[in-house]
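Per the numbering used here, the sequence shown runs over residues 580 to 922.
Even for Gly, the Cβ is constructed at its ideal location relative to N, Cα and C.
All figures in this text were calculated on a predicted structure; none of them were measured in a lab.
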Amino acid sequence: MAEHLITSSLSFDDVLLEPKYSTIESRKEIDVSTDLNGLKLSLPIVSSPMDTVTESEMLRAMDANGGLGIAHRYNDIAEQRSMINSVKRKPPVSINTGAAIGVSGDYLERAESLVESGVTVLCLDIAHGHHILMKNALKTLRKEFGNTIHLMAGNVATLRGFNDLADWGADSIRVGIGGGSICSTRIMTGHGIPTFQSILECARSDRDAALVADGGIRTCGDIAKALAAGADAVMLGSMLSGTDESPGEIFRVDGMPFKTYRGMASKEAQIQWRGHVSSEEGVAFRSPYKGPVGDTLALIKKSLQSSFSYSGVKNLREFQYSSLFTKITQSGMAESKPHILQK
């Protein structure tokens, strides 16, 4: 029998960042921008390519607020291209627009159509990115487009997976498997690594690819922890769901407004997308209505600026270089929350 190495892993709730001496007197001194291997964003936030998160309205809002939107691929080529065209037709012309593709079937035809429409980022979007189909697709796309298009790929959870995708041609890599709020991969398959631990491991890579943390991020504090651990940006789904710009209609339950939020491996999403269920690794949920996504993104920016200030740094690189984590207990996490509400 093969030996099974058991290692311990940390999640976002297991750690806190240690405060440091700060000379920063104003948030205006703090720059939260990032560089994803040549793709510059003034806010290190990417919207998830899900059909209840990113379509035309979210693409426009993400670009307007300095982030990056990734249009989902759960449609035919003409429908996805229409999303991109509707963004490009409205001034100002979006500088950064992303769209998701698969790694088999019509992926090359879809990629060609999207690039023709003006997409600057192609996101190779599959649940298990450390796979031969990913390898073949990355090599094919790099040969087809050279270095004119940014290729984002994933998801992976290990350093070896990160390095392989980088070697196969990825400019940026989504890190995190099974940690999404509507993902049931770990429960259904028994596979996964806490996203925070995956970030720590993949950040050790000596490759040039940028790291995009994806999954398990529930709060502004989690975003700060992911960036401090080595992520160059974070991909958000649940935190951007329920906003005006997320697809879907507002509905009410007991008078309270909601919008639908669902995993793309959920039964509901698969039936609508392809008419059958192959492997059920997600759930559907109702997300409380949150208003304009710009308000959420503004809160994230202010929270990151405050976080940088607590660490006494003025930019992301300084934050990553100087941050120290302390491991905490469950009691420490309980103390971290507004515990007067628990009485």
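Secondary structure of V594, DSSP reduced to three states: Numbered from its first residue, the sequence shown carries residue 594 at position 15. Reduced to three states, the DSSP call for V594 is strand.
Coarse secondary structure for K893, derived from DSSP in three states: In the sequence shown, counting from the first residue as 1, residue 893 sits at position 314. The answer is coil: DSSP assigns K893 none of H, G, I, E or B.
Three-way DSSP call (helix, strand, coil) for L730 in this model: Counted from its first residue, the sequence shown places residue 730 at position 151. In the structure shown, L730 sits in a strand (DSSP, three-state: E or B).
Outcome for E634 when other beta-carbon atoms lying within 10 angstroms are tallied against a minimum of 16: By 1-based counting over the sequence shown, the position of residue 634 is 55. The C-beta of E634 has 16 or more other C-beta atoms within 10 Å across all chains shown, which makes the residue buried.
Cβ neighbour criterion (16 or more within 10 Å) applied to D801: By one-based count along the sequence shown, residue 801 stands at place 222. D801 comes out buried.
Exposure of V682, with buried meaning 16 or more beta-carbon neighbours within 10 Å: In the sequence shown, residue 682 corresponds to position 103, counting from 1. Counting C-beta atoms within 10 angstroms of its own C-beta, V682 has 16 or more neighbours from the protein chains shown and is therefore classed as buried.
Test item: CB-CB of E636 and E824 under 8 Å: For the purposes of this step, residue 636 is identified with residue 57 of the sequence shown, where counting begins at 1. For the purposes of this step, residue 824 is identified with residue 245 of the sequence shown, where counting begins at 1. A contact, by the Cβ cut-off of 8 Å.
Of the listed residues E608, I674, P628, nearest to K619 (C-alpha basis): Start at 1 with the first residue of the sequence shown, and residue 619 comes out as number 40. Of the listed residues, the one whose Cα sits closest to K619 is I674.
Anticipated Cβ contact below 8 Å, G771 with T764, distance rounded: For the purposes of this step, residue 771 is taken as the residue at position 192 of the sequence shown. For the purposes of this step, residue 764 is taken as the residue at position 185 of the sequence shown. Right, their Cβ atoms sit about 6 Å apart.
Best match in Y900, K869, S888, D811 for proximity to G646 [C-alpha to C-alpha]: Position 67 of the sequence shown, counting from 1, holds the residue named residue 646. For the residues Y900, K869, S888, D811, the minimum Cα distance to G646 belongs to D811.
Closest Cα partner of S590 within the set G725, D833, K880, A805: Taking the first residue of the sequence shown as position 1, residue 590 is located at position 11. Taking each of G725, D833, K880, A805 in turn and checking the Cα distance to S590, the smallest one comes out for A805.
Rounded Cβ spacing between D593 and K906 (contact assumed at less than 8 Å): To locate residue 593, count along the sequence shown from 1; it is residue 14. To locate residue 906, count along the sequence shown from 1; it is residue 327. About 6 Å separates the two Cβ atoms, so the contact holds.
Residues bridged to V611 (per DSSP): The residue labelled residue 611 in the question sits at position 32 within the sequence shown. Per DSSP, V611 has no beta bridge partner at all.
Residues bridged to F904 (per DSSP): Looking up residue 904 in the sequence shown gives position 325. Beta-bridge pairing links F904 to L596.
Which of helix, strand or coil DSSP assigns to L622: For this step, residue 622 is matched to residue 43 along the sequence shown. Here L622 sits in coil by DSSP.
Element boundaries [alpha helix (DSSP H), containing V666]: Reading the sequence shown from its first residue, position 87 is the one you call residue 666. Start and end: 656 to 668.
Cβ-heavy atom distance, T764 to the ligand ADP, below 7 Å: For the ligand ADP, the structure offers nothing, since it holds no ligand at all.
N-terminal and C-terminal residue of the beta strand (DSSP E) that K804 is part of: One-based indexing of the sequence shown puts residue 804 at position 225. Careful: K804 lies outside any beta strand (DSSP E), inside the alpha helix (DSSP H) at 799 to 808.
Contact the region 744 to 755 vs the region 708 to 726: 3+ CB pairs below 8 Å: When Cβ pairs closer than 8 Å are counted between the two stretches, the region 744 to 755 is seen to touch the region 708 to 726, the count reaching three or more.
Segment limits, beta strand (DSSP E) that includes R739: As a working note, residue 739 is residue 160 in the sequence shown. Boundaries for R739: no beta strand (DSSP E) harbours it, while the alpha helix (DSSP H) harbouring it runs 738 to 747, taken from the DSSP string.
Rounded separation between F904 and R689 - CA only: Here residue 904 corresponds to residue number 325 of the sequence shown, with the count starting at 1. Here residue 689 corresponds to residue number 110 of the sequence shown, with the count starting at 1. For F904 and R689, the distance between alpha carbons rounds to 43 Å.
Backbone secondary structure at Y840 - three-state DSSP: For the purposes of this step, residue 840 is identified with residue 261 of the sequence shown, where counting begins at 1. If DSSP states are grouped into helix, strand and coil, Y840 belongs with the strands.
Option nearest A788 by Cα separation, candidates A643, A732, S902, A736: Residue numbering aside, residue 788 sits at position 209 when the sequence shown is read from its first letter. Considering only alpha carbons, the answer is A732.
Per-residue burial, H729 [other beta carbons within 10 Å of its own, 16 or more giving buried]: Taking the sequence shown and counting its residues from 1, one reaches residue 729 at position 150. In the assembly as shown, H729 is a buried residue. Its beta-carbon has 16 or more other beta-carbons within 10 Å.
Rounded straight-line distance, which links the Cα of M912 to that of L622: Along the sequence shown, read from residue 1 onward, the residue named residue 622 stands at position 43. Along the sequence shown, read from residue 1 onward, the residue named residue 912 stands at position 333. So the alpha carbons of these two residues sit roughly 27 Å apart.
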